[in-house]
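Numbering (the numbering used here), first residue to last: 6 to 521. All C-beta atoms in this analysis are idealised placements derived from N, C-alpha and C, irrespective of residue type, glycine included. Here's the structure we're looking at; comments come further down.
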Amino acid sequence: MPTIYGIVARGYLPKELPPAFTSKVCGKVLGKNLSVLPSAFTRNYRPSMNATHNLLSRGSLRRQLGIPNPTDFFRLAKFVVANWRLLTSITARSHISLSTPVAERRPRAIGSKFTFAERDNRRARIRSQSRYVLTADINQFYHSIYTHSISWAIHGKSVAKAKRRDKALAGNVLDQLVRNSQDQQSVGIPIGPDTSLLIAEIILSVNDVELLNRGIKNGFRAIDDYEFGCDSLNEAESLRETLQEILNEYEFVLNADKTSVIELPVPIESLAISQLRRYVFSTTDRGKQRNQLIHYFDQAFVFSREYPDEAILKYAISRLSGILVLQENCPLCEDLLLQCVIVEPSTLQEVLNQLLRYKDAGYSLDLDHIAEVFNKVIGRHARLGHGSEVAWALWGLIVLGLPVSDNNAVEAAGMNDSIVAILMLDAMAKGLVSSSVGFDHFKSYMSTKDLYGEQWLLAYEANVKGWLPSLNRRDHVNQDTCFAFLKSHGVYFYDENVSGRMVYKPPVLPPAGKEY
Numbered sequence: 006m007p008t009i010y011g012i013v014a015r016g017y018l019p020k021e022l023p024p025a026f027t028s029k030v031c032g033k034v035l036g037k038n039l040s041v042l043p044s045a046f047t048r049n050y051r052p053s054m055n056a057t058h059n060l061l062s063r064g065s066l067r068r069q070l071g072i073p074n075p076t077d078f079f080r081l082a083k084f085v086v087a088n089w090r091l092l093t094s095i096t097a098r099s100h101i102s103l104s105t106p107v108a109e110r111r112p113r114a115i116g117s118k119f120t121f122a123e124r125d126n127r128r129a130r131i132r133s134q135s136r137y138v139l140t141a142d143i144n145q146f147y148h149s150i151y152t153h154s155i156s157w158a159i160h161g162k163s164v165a166k167a168k169r170r171d172k173a174l175a176g177n178v179l180d181q182l183v184r185n186s187q188d189q190q191s192v193g194i195p196i197g198p199d200t201s202l203l204i205a206e207i208i209l210s211v212n213d214v215e216l217l218n219r220g221i222k223n224g225f226r227a228i229d230d231y232e233f234g235c236d237s238l239n240e241a242e243s244l245r246e247t248l249q250e251i252l253n254e255y256e257f258v259l260n261a262d263k264t265s266v267i268e269l270p271v272p273i274e275s276l277a278i279s280q281l282r283r284y285v286f287s288t289t290d291r292g293k294q295r296n297q298l299i300h301y302f303d304q305a306f307v308f309s310r311e312y313p314d315e316a317i318l319k320y321a322i323s324r325l326s327g328i329l330v331l332q333e334n335c336p337l338c339e340d341l342l343l344q345c346v347i348v349e350p351s352t353l354q355e356v357l358n359q360l361l362r363y364k365d366a367g368y369s370l371d372l373d374h375i376a377e378v379f380n381k382v383i384g385r386h387a388r389l390g391h392g393s394e395v396a397w398a399l400w401g402l403i404v405l406g407l408p409v410s411d412n413n414a415v416e417a418a419g420m421n422d423s424i425v426a427i428l429m430l431d432a433m434a435k436g437l438v439s440s441s442v443g444f445d446h447f448k449s450y451m452s453t454k455d456l457y458g459e460q461w462l463l464a465y466e467a468n469v470k471g472w473l474p475s476l477n478r479r480d481h482v483n484q485d486t487c488f489a490f491l492k493s494h495g496v497y498f499y500d501e502n503v504s505g506r507m508v509y510k511p512p513v514l515p516p517a518g519k520e521y
């Protein structure tokens, strides 16, 4: 069973952030000081807003990550721990879910019961007795969840509606906790925290039960993605209508662009990734390896254009982690990696992992060229509000000790993104941003009021680090009971010392097909 410490320490911040962002200390402080927490932590004190971060997943697909205020997330974590058996008894009802939530020890607090490998196994079993498959996906799933439907799923729609204000119903309490963390909005839940996976599974597992009641068994679901096997085209089209009818009860809509009926046979796994996986590199012949690298990336670039919905380039780059690139071929490999950054900025994390790996190995990198490319990414995406591209480019410059050019620093300093703001302030503290660049926009959030607004992370962290002054003479963090407690116990959400060590996240090969 998960603990408050575990959920806050490992299940709070989105996994897509640069590795210096951490909630481990916050989890430790809240989890070990339950009896002495200020009373404001233990009751619904005031509504807050999520800190948001615009994420590029792949191609043109974007998601809005959400980081709840720590005061509200603590209450949510406490509720989940106290009601874990009830909540998971509901998710266990699904006969088709591959994302049934289970407590984990690492790297997250709540994960999926089955691995991605099981998806291919289940797909093969389904297709072994089918002529057609129906694939379906819910449009804007997390952002379209109606929070009141949480109680519908737990208690039944009629009971929940009749007792909508009854706080004796666990579903009503969970609904309220979610709404409190997003300024009382009742549409959407944040993408990123592990608790959102649990909530999503509660709702969709009840829909799965209705599918079973209608005799629909030959299929699987991975979060909001479905695949069903059918004997005929008519059966598949009828099943699509049935699925939409059931989802209508919870105000979900199928994504028309990603819902289709396919006649079998079709590949189980992406053929592009299968080919890249089988590629063999020489580790002794410099010339041969050089030609292989060029051919390998040429293939990856072609595949990425042919299959824009698959994580081709991310896979191709991560695949190199098991290969020793000879030092003489490092400049070529570096240029090929940087080309990936330019054409698909979602590969920044994987590219940076490789560059740090070579640097740790003692290889000489063209730092000026890397700085030029990373700065180009910042300049191109800051004005568009693309937080993840700017954040990872900034993180790359910080860990490599490279400067942020003045023009690009000005663009980034105007963004409404706490993740970007904290990285910019860290770069400034390390002398990587010119003193001529102003941070007036960031300074405007240094108030007690903003500790509960969309920029709460910036308002807290910049104070704790001593990067920015409070708007008024009095320390704005110390004026709030909850945040003053966190500060006095040494809680921080960004470890600026991580960038001083040449460390990188161990690469994880993405599965073929869609990312989750």
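- In this structure, A464 lies near D455, with their beta-carbon atoms less than 8 Å apart.
- When the beta-carbon positions are compared, M429 and L476 stay at least 8 Å from each other.
- As the crow flies, the alpha-carbon of G116 is around 25 Å from that of L39.
- Under the three-state reduction of DSSP output, E232 falls in the strand class.
- In the structure shown, the three-state DSSP call for A227 is strand.
- Contact between the region 206-218 and the region 73-82 is absent, with fewer than three C-beta pairs closer than 8 Å.
- Just so you know, the alpha carbons of K435 and S393 end up roughly 21 Å apart.
- Non-local C-beta neighbours of I12 in its own chain, meaning closer than 8 Å and more than five positions away in sequence, comprise G32, A82, V85, V86, A114, I115, D199 and T200, ordered along the chain.
- Shown here, T453 sits in coil according to DSSP, grouped into three states, outside any helix or strand.
- DSSP places Y312 in no beta strand (DSSP E); its state is neither H nor E.
- Judged by DSSP in its simplified three-state form, V258 adopts coil rather than helix or strand.
- Within the DSSP secondary-structure output, L217 pairs in no beta bridge.
- Cβ neighbours of F46 within its own chain (closer than 7 Å, five residues either side excluded): T76, F79 and C487.
- The C-beta of R291 has fewer than 16 other C-beta atoms within 10 Å across all chains shown, which makes the residue exposed.
- The C-beta of E416 has 16 or more other C-beta atoms within 10 Å across all chains shown, which makes the residue buried.
- Using a C-beta cut-off of 8 Å, the region 227-240 makes no contact with the region 280-294, since fewer than three inter-stretch Cβ pairs fall below that distance.
- Taken through DSSP and simplified to helix, strand or coil, L357 comes out as helix.
- Between E21 and L66, the C-beta gap is not smaller than 8 Å, which leaves the two residues out of contact.
- Cβ neighbours of G327 within its own chain (closer than 8 Å, five residues either side excluded): none.
- A residue is called buried when at least 16 other Cβ atoms come within 10 angstroms of its Cβ; N223 meets this threshold and is buried.
- In the structure shown, Y301 adopts helical secondary structure according to DSSP, grouped into three states.
- In terms of Cβ geometry, D188 and P52 form a close pair [threshold 8 Å].
- Separation of the CB atoms of S135 and L269 is rounded to 6 Å, and the pair is thereby assigned contact status at 8 Å.
- The alpha-carbon of D445 is positioned some 13 Å away from that of S452.
- By the beta-carbon neighbour count (other beta carbons within 10 angstroms, threshold 16), S369 is exposed.
- The beta carbon of D236 sits closer than 7 Å to the beta carbons of S135 and R136 from its chain, once the five residues preceding and following it are set aside; these are given in chain order.
- Judged by pairs of C-beta atoms under 8 Å, the region 301-313 does not touch the region 329-336, as fewer than three such pairs exist.
- Counting only runs of at least 4 residues, the region 133-164 fully encloses the following alpha helix (DSSP H) elements, listed from N- to C-terminal order: 146-149 and 153-160.
- Going by DSSP, I72 is part of the beta strand (DSSP E) stretching over L66 to I72.
- Here the C-alpha atom of F498 lies approximately 17 Å from the C-alpha atom of P112.
- Taking all protein chains in view, the Cβ of P272 is surrounded by fewer than 16 other Cβ atoms within 10 Å, so the residue is classified as exposed.
- By the criterion of at least three beta-carbon pairs nearer than 8 Å, the region 292-303 is not in contact with the region 257-266.
- In the structure shown, the three-state DSSP call for G401 is helix.
- If you compare the alpha carbons of V30, P106, I9 and T8 with that of H494, the shortest gap goes to V30.
- Annotation: P43 to I375 spans about 48 Å, alpha carbon to alpha carbon.
- A Cβ-Cβ separation of about 5 Å places L103 in contact with A227 under the 8 Å criterion.
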